[in-house]
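Q: Got a structure here, written out as structure tokens. Questions coming.
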Amino acid sequence: MNEQHSDRTDLDHNITRRKFLGTSALSSAALVTGGLTSLLRQSASATGFNFVEATIPQLQAAMASGALTSADLTSGYINRIQSLNPTLHAVIEVNPNAVAIATALDNERRNGHVRGPLHGIPILVKDNIATDDNMQTTAGSLAIYGSQVPADAPLIQQLRAAGAIILGKANLGEWANFRDDEAETYPLAVGWSARGGSTNNAYDLSYTSWGSSSGSGTGAAANLCAAAVGTETDGSITGPSAVENIFGLKPTLGLISQAGIVPISHQQDTAGPMARSVTDVAILLGIMQSPQTDYTPLLQRGALQGK
Numbered sequence: 114m115n116e117q118h119s120d121r122t123d124l125d126h127n128i129t130r131r132k133f134l135g136t137s138a139l140s141s142a143a144l145v146t147g148g149l150t151s152l153l154r155q156s157a158s159a160t161g162f163n164f165v166e167a168t169i170p171q172l173q174a175a176m177a178s179g180a181l182t183s184a185d186l187t188s189g190y191i192n193r194i195q196s197l198n199p200t201l202h203a204v205i206e207v208n209p210n211a212v213a214i215a216t217a218l219d220n221e222r223r224n225g226h227v228r229g230p231l232h233g234i235p236i237l238v239k240d241n242i243a244t245d246d247n248m249q250t251t252a253g254s255l256a257i258y259g260s261q262v263p264a265d266a267p268l269i270q271q272l273r274a275a276g277a278i279i280l281g282k283a284n285l286g287e288w289a290n291f292r293d294d295e296a297e298t299y300p301l302a303v304g305w306s307a308r309g310g311s312t313n314n315a316y317d318l319s320y321t322s323w324g325s326s327s328g329s330g331t332g333a334a335a336n337l338c339a340a341a342v343g344t345e346t347d348g349s350i351t352g353p354s355a356v357e358n359i360f361g362l363k364p365t366l367g368l369i370s371q372a373g374i375v376p377i378s379h380q381q382d383t384a385g386p387m388a389r390s391v392t393d394v395a396i397l398l399g400i401m402q403s404p405q406t407d408y409t410p411l412l413q414r415g416a417l418q419g420k
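Take a look at the structure:
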């Protein structure tokens with residue numbers, strides 16, 4: 114990996130996501146729609162903290178210092194979804210209980226209980242991952258709209274137990290692109306679902322968002338969430354991550370439970386983390402897997418020497 118991009122948590126690098134967005138995404142989007150200026154507009158919480166482009170450790174530090182609450186952060190992301198999603202089509206639905214959950218987690222923090230690095234952090238999850246709450250799990254299809262899943266997928270159970278807020282369900286290529294050969298023939302169609310429409314790229318509305326984890330990629334890139342969860346058979350995490358200028362990882366098969374995920378192939382499918390920094394991907398992966406692991410010490414230079 115290029116040394117310059119080995120740690121994206123430092124926003125003082127010569128090239129940052131914010132600067133790159135300002136010089137490329139904004140100009141290209143303007144050619145298509147007259148401008149997605151709100152992609153770069155600072156979004157401050159009620160306490161004045163600007164959370165756009167903030168990493169999970171930065172968000173945790175702000176909450177620990179009292180500069181930010183999880184409820185304000187969650188409301189801020191919801192406001193961005195309401196503003197940008199009519200153009201981006203990255204989010205199928207928002208959790209109606211998200212702010213209430215965040216408030217409860219804020220109360221835990223005030224009482225001295227912090228569950229871990231995801232405490233109070235809003236996460237988008239792909240709509241083929243079961244959530245037993247007031248949201249649908251449909252894989253983007255109208256065919257099973259209104260059905261009820263029996264329980265949270267195990268990875269969702271682990272995220273909730275770690276204090277993560279399931280902010281909403283991300284759009285996707287319907288049935289994780291398991292439809293026909295249209296997705297292979299027309300790249301712009303790989304992020305389309307009957308429920309969510311066609312996901313647009315956060316950088317260029319005329320370019321593909323890829324898929325099938327299109328909404329997770331666009332949602333993370335456009336700061337509609339702190340991080341996102343996608344799934345992959347072959348390229349469905351790494352493809353959207355590449356075209357959305359974020360980081361995504363397809364974990365080793367079996368590291369994360371496949372239960373509660375609408376599949377294509379049990380021999381290839383796995384969920385995986387998608388985020389704007391390597392550190393955030395490492396944090397999310399460590400919580401999603403079983404047994405849970407802290408990968409962040411391995412991000413230091415030389416950490417793998419002799420291993």
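Here this note's numbering = 1-based position in the sequence shown + 113. Backbone N, C-alpha and C define an ideal beta-carbon position, used for all residues, glycine too.
(1) For Ser-306, which three-state DSSP category applies?
(2) Does the segment 280-292 come close enough to the segment 184-203 to have 3 or more Cβ pairs within less than 8 Å?
(3) My understanding is that Leu-457 touches Gly-332, with C-beta atoms under 8 Å, so please give their C-beta distance in whole angstroms.
(4) Could you pull the start and end residues of the beta strand (DSSP E) that Leu-280 belongs to?
(5) Have a look at the DSSP bridge pairing and note the partners of Leu-237.
(6) Just to confirm my understanding: we take Asp-393, look at its own chain, exclude 5 residues before and 5 after, and list those with CB closer than 6 Å. What are they?
(7) Quick check on this structure: which residue in Leu-362, Gly-415 and Ser-327 has the alpha carbon closest to the alpha carbon of Gly-399?
(8) Whose C-beta lies closer than 6 Å to the C-beta of Leu-368 among residues of the same chain, with five residues either side of it excluded?
(9) Could you pull out every unbroken beta strand (DSSP E) segment of at least 3 residues lying fully inside the segment 343-406, listed in chain order?
(10) Go to Glu-287, then tell me how far its alpha helix (DSSP H) extends in each direction, as first and last residue.
(11) What do you reckon, are the CB atoms on Val-356 and Thr-321 nearer than 8 Å?
(12) Where do the ends of the alpha helix (DSSP H) carrying Thr-194 lie?
(13) Distance, Cα to Cα, Ile-303 vs Arg-223?
(14) Pick out whichever of Leu-231, Pro-230, Ala-395 and Leu-318 has its Cα sitting closest to the Cα of Leu-197.
(15) Within 10 Å of its beta-carbon, does His-118 have 16 or more other beta-carbons around it, so buried, or fewer, so exposed?
(16) Nearest CA to the CA of Asn-336: which residue from Ile-234, Ala-256 and Ala-175?
(17) Please determine, among Ile-374, Val-391 and Pro-364, the residue with the shortest C-alpha to C-alpha distance to Gly-385.
(18) Assign His-202 to buried or exposed, taking buried as 16 or more other Cβ atoms, counted over all protein chains shown, within 10 Å of its Cβ.
(19) Confirm, please, whether the CB-CB distance from Gly-373 to Ile-242 is below 8 Å.
(20) Whole-angstrom Cβ separation of Pro-209 and Asn-247, contact assumed at under 8 Å?
(21) Hey, could you find the ends of the beta strand (DSSP E) Ile-205 is sitting in?
(22) Taking the alpha helix (DSSP H) that Val-212 falls in, what are its first and last residues?
(23) Which residues bound the alpha helix (DSSP H) around Arg-414?
(24) Considering only the beta carbon of each residue, do Asn-284 and Ile-377 sit closer than 8 Å?
(25) Within 10 angstroms of the Cβ of Pro-230, are there 16 or more other Cβ atoms? Answer buried if so, exposed if not.
(26) Could you give the first and the last residue of the continuous alpha helix (DSSP H) run that contains Gln-171?
(27) Where do the N-terminal and C-terminal ends of the alpha helix (DSSP H) with Pro-267 fall, by residue?
(28) Based on Cα-Cα distance, which residue from Gln-249, Lys-239 and His-232 lies nearest to Arg-273?
(29) With the cut-off set at 8 Å, would you say Ser-254 and Trp-288 are in Cβ contact?
(30) Consult DSSP for Lys-420 and reduce its assignment to one of helix, strand or coil.
(31) Can you name, in chain order, every residue of its own chain whose Cβ lies under 6 Å from the Cβ of Val-375, other than the five neighbours on each side?
A: Inspection of the coordinates gives the following:
(1) Numbered from 1 along the sequence shown, position 193 holds the residue referred to as residue 306. Strand at Ser-306.
(2) Output reads yes: the segment 184-203 touches the segment 280-292.
(3) Shown here, the chain extends from 114 to 420; a query on residue 457 therefore has no answer.
(4) Residue numbering aside, residue 280 sits at position 167 when the sequence shown is read from its first letter. Unbroken beta strand (DSSP E) run through Leu-280: 278-283.
(5) Your numbering for residue 237 matches position 124 in the sequence shown. Residue pairing for Leu-237: DSSP places it in a beta bridge opposite Gly-281 and Ala-341.
(6) Your numbering for residue 393 matches position 280 in the sequence shown. Thr-168, Ile-169 and Ala-340, listed in sequence order.
(7) Taking the sequence shown and counting its residues from 1, one reaches residue 399 at position 286. Cα-wise, what sits closest to Gly-399 is Leu-362.
(8) As a working mapping, residue 368 is identified with position 255 in the sequence shown. Excluding sequence neighbours, Leu-368 sits near Gln-402.
(9) Within the segment 343-406, the runs of beta strand (DSSP E) that reach at least 3 residues and sit entirely inside it are, in chain order, 383-388.
(10) Residue 287 sits at position 174 when you count from the first residue of the sequence shown. No alpha helix (DSSP H) contains Glu-287, which DSSP labels as neither H nor E.
(11) Taking the first residue of the sequence shown as 1, we reach residue 356 at position 243. Taking the first residue of the sequence shown as 1, we reach residue 321 at position 208. The beta carbons of Val-356 and Thr-321 sit closer together than 8 Å.
(12) Here residue 194 refers to the residue found at position 81 when the sequence shown is read from its first residue. Reading off the sequence, residue 194 comes out as Ile, not Thr. Taken as a continuous stretch (DSSP letters only), the alpha helix (DSSP H) holding Ile-194 covers 183-201.
(13) If you number the sequence shown from 1, residue 303 lands on position 190. If you number the sequence shown from 1, residue 223 lands on position 110. According to the sequence as given, residue 303 is Val; it is not Ile. Straight across, the Cα-Cα distance linking Val-303 with Arg-223 is about 44 Å.
(14) Translated into positions along the sequence shown, residue 197 becomes position 84. When the alpha-carbon of Leu-197 is set against those of Leu-231, Pro-230, Ala-395 and Leu-318, the nearest one is in Leu-318.
(15) Residue 118 sits at position 5 when you count from the first residue of the sequence shown. Interpretation of His-118 is limited by its pLDDT of 37, a score under 50 that renders its predicted location unreliable; the figure taken from the coordinates is listed afterwards. Burial call: exposed.
(16) In the sequence shown, counting from the first residue as 1, residue 336 sits at position 223. Cα-wise, what sits closest to Asn-336 is Ile-234.
(17) For the purposes of this step, residue 385 is taken as the residue at position 272 of the sequence shown. Nearest option by C-alpha distance: Pro-364.
(18) Stepping through the sequence shown from its first residue, residue 202 is reached at position 89. Looking at its Cβ environment, which holds 16 or more other Cβ atoms inside 10 Å, His-202 is buried.
(19) On the sequence shown, residue 242 is found 129 positions in, with the first residue counted as 1. On the sequence shown, residue 373 is found 260 positions in, with the first residue counted as 1. The answer is yes: Cβ separation under 8 Å.
(20) Reading the sequence shown from its first residue, position 96 is the one you call residue 209. Reading the sequence shown from its first residue, position 134 is the one you call residue 247. Contact holds; Cβ gap of about 5 Å.
(21) Residue mapping note: residue 205 aligns to position 92 of the sequence shown, counting from 1. Going by DSSP, Ile-205 is part of the beta strand (DSSP E) stretching over 204-207.
(22) In the sequence shown, counting from the first residue as 1, residue 212 sits at position 99. Where Val-212 is concerned, the enclosing alpha helix (DSSP H) starts and stops at 211-223.
(23) Within the sequence shown, the letter at position 301 stands for residue 414. Premise fails: Arg-414 is in no alpha helix (DSSP H) and is neither H nor E.
(24) Taking the first residue of the sequence shown as position 1, residue 284 is located at position 171. Taking the first residue of the sequence shown as position 1, residue 377 is located at position 264. Against a cut-off of 8 Å, the Cβ pair of Ile-377 and Asn-284 comes out as no contact.
(25) Position 117 of the sequence shown, counting from 1, holds the residue named residue 230. That one is buried.
(26) Indexing the sequence shown from 1 puts residue 171 at position 58. It spans 169-178 - the alpha helix (DSSP H) in which Gln-171 sits, taken as one unbroken run.
(27) Here the question's residue 267 lines up with position 154 in the sequence shown. For Pro-267, the enclosing alpha helix (DSSP H) covers residues 267-274.
(28) Locating residue 273 in the sequence shown gives position 160, counting from the first residue. Nearest Cα to Arg-273 within the set Gln-249, Lys-239 and His-232: His-232.
(29) Here residue 254 refers to the residue found at position 141 of the sequence shown. Here residue 288 refers to the residue found at position 175 of the sequence shown. Yes; because the gap between Cβ atoms is below 8 Å, this pair is in contact.
(30) Taking the sequence shown and counting its residues from 1, one reaches residue 420 at position 307. Three-state result, Lys-420: coil.
(31) Start at 1 with the first residue of the sequence shown, and residue 375 comes out as number 262. Counting only Cβ-Cβ distances below 6 Å, and skipping sequence neighbours, we find Asn-241 and Ala-252.
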